[in-house]
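A.B. asks:
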Amino acid sequence: ALHFAAAAASAPVIQALLDRVLREAVDARWEVAVGKGKKVTPAEKAVKEKLWLKRFEDLLNVPDENGQTALEVVTSMPGDTAECIQLLEAANARCAHRHWQLAQLEAQA
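In this note's numbering, the protein residues as written are 4 to 112.
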C-alpha cells in the first residue's frame with residue numbers, strides 16, 4: 004500500500020500508513036514495558052525494546068516488484084512529490100536515529 008501511495012504521490016495516504024504502523028509499534032512496546040496481560044522477563048523486554056521499530060523500518064525498506072522502496076518510487080515520479088519525499092525521508096531519519104540510540108546503548112554496556 005505504501006508503494007501505491009508513493010506512486011500516486013499521495014502525501015496524506017503515506018502519512019496515514021506511516022502513522023498507523025508507528026502507532027502499532029509504540030503500542031506493542033508499551034505493552035511489553037508494562038507487562039500488560041502477561042509476565043514478561045527482563046530478557047524479553049530487552050529484545051522488544053531493541054526491535055520495537057523493526058516493523059516500521061521494514062515497511063520503509065520493503066521493495067516492490069521492481070526492487071524499489073517507496074522512497075525510490077516517489078523520487079522517480081514526475082510532478083510535485085516534495086511532501087511525499089519529505090515524509091519518507093523523515094521516517095528513514097527516525098529509523099537511523101533509533102539505530103544510533105542502539106549503538107550508544109551497546110557502547111555503554
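The beta carbon of each residue, even a glycine, is placed where N, CA and C say it ideally should be.
Can you list, in chain order, the residues of its chain with a C-beta nearer than 7 Å to that of R101? Leave out the 5 residues immediately preceding and following it.
C.D. replies: The residue given as residue 101 occupies position 98 in the sequence shown. Excluding sequence neighbours, R101 sits near L56.
A.B. asks: Could you tell me if L5 is buried or exposed, where buried requires 16 or more neighbouring beta carbons within 10 angstroms of its beta carbon?
C.D. replies: For the purposes of this step, residue 5 is identified with residue 2 of the sequence shown, where counting begins at 1. By the 10 Å Cβ count, L5 comes out buried.
A.B. asks: Report the three-state DSSP secondary structure of W103 (helix, strand or coil).
C.D. replies: If you number the sequence shown from 1, residue 103 lands on position 100. Note: W103 maps to helix in three-state DSSP.
A.B. asks: Let me check understanding here. Comparing Cα to Cα, which of A106, L54, A85, A96 lies closest to E27?
C.D. replies: Within the sequence shown, the letter at position 24 stands for residue 27. Measuring from the Cα of E27, the nearest candidate turns out to be L54.
A.B. asks: Would you say L63 lies against chain B (beta-carbon separation less than 8 Å)?
C.D. replies: Protein chain content of the structure displayed is limited to a single chain, and chain B is not contained in it.
A.B. asks: So, V35 versus K51, is the Cβ gap smaller than 8 Å?
C.D. replies: Your numbering for residue 35 matches position 32 in the sequence shown. Your numbering for residue 51 matches position 48 in the sequence shown. Contact: yes.
A.B. asks: Any idea what DSSP makes of L25, helix, strand or coil?
C.D. replies: Indexing the sequence shown from 1 puts residue 25 at position 22. Helix, per DSSP.
A.B. asks: Have a look at T72, D61, W103 and flag the residue whose alpha-carbon is nearest the alpha-carbon of A8.
C.D. replies: Within the sequence shown, the letter at position 5 stands for residue 8. The shortest Cα separation from A8 among T72, D61, W103 belongs to T72.
A.B. asks: Are the beta-carbon atoms belonging to C87 and A14 less than 8 Å from one another?
C.D. replies: Mapped onto the sequence shown, residue 87 falls at position 84. Mapped onto the sequence shown, residue 14 falls at position 11. For C87 and A14, yes; Cβs fall inside 8 Å.
A.B. asks: Between the C-alpha atoms of E109 and W103, what's the straight-line distance to the nearest angstrom?
C.D. replies: Taking the first residue of the sequence shown as 1, we reach residue 109 at position 106. Taking the first residue of the sequence shown as 1, we reach residue 103 at position 100. Taking the straight line joining both Cα atoms gives about 10 Å.
A.B. asks: Classify V76: buried if its beta carbon has 16 or more other beta carbons within 10 angstroms, exposed otherwise.
C.D. replies: The residue given as residue 76 occupies position 73 in the sequence shown. It counts as buried.
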